[in-house]
Amino acid sequence: MISYTPLFRASQPLRDRDIVIYAVGVRPYSPEKELEDLTSDRSRVFFYSIDELPRRTPQVLNRFYDYWRNRLRPRGNCV
Numbered sequence: 009m010i011s012y013t014p015l016f017r018a019s020q021p022l023r024d025r026d027i028v029i030y031a032v033g034v035r036p037y038s039p040e041k042e043l044e045d046l047t048s049d050r051s052r053v054f055f056y057s058i059d060e061l062p063r064r065t066p067q068v069l070n071r072f073y074d075y076w077r078n079r080l081r082p083r084g085n086c087v
């Protein structure tokens, strides 16, 4: 029998360290509830059909970049 660890439990050490988790699911194969549990925030879960992935991936990356720029990067620092 293969051992299975739920994503929520496996990702808990990351959330404990305040690491932001994003999830991309492929419809109709990805379990929506499980990905929401993984991220702990519905706004960080994205679902696309397999045909949409190449076109939609930049949107996911832009969302992460906006989060980093607005919340994580100290104000007044120039890079």
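Residues in the sequence shown are numbered from 9 upward in steps of one, following this note's numbering. Virtual Cβ for every residue (Gly too), placed ideally from N, Cα, C.
- With contacts defined as CB atoms closer than 8 Å, glycine 33 and phenylalanine 16 fail to qualify as a contacting pair.
- According to DSSP, valine 28 shares a beta bridge with no other residue.
- In this model, leucine 61 and aspartate 24 are separated by some 30 Å (Cα to Cα).
- Within the same chain, and ignoring the five residues on either side of serine 57 in sequence, the residues whose Cβ sits closer than 8 Å to its Cβ are Val34 and Arg35.
- Beta-bridge partners assigned by DSSP to valine 34: Tyr56.
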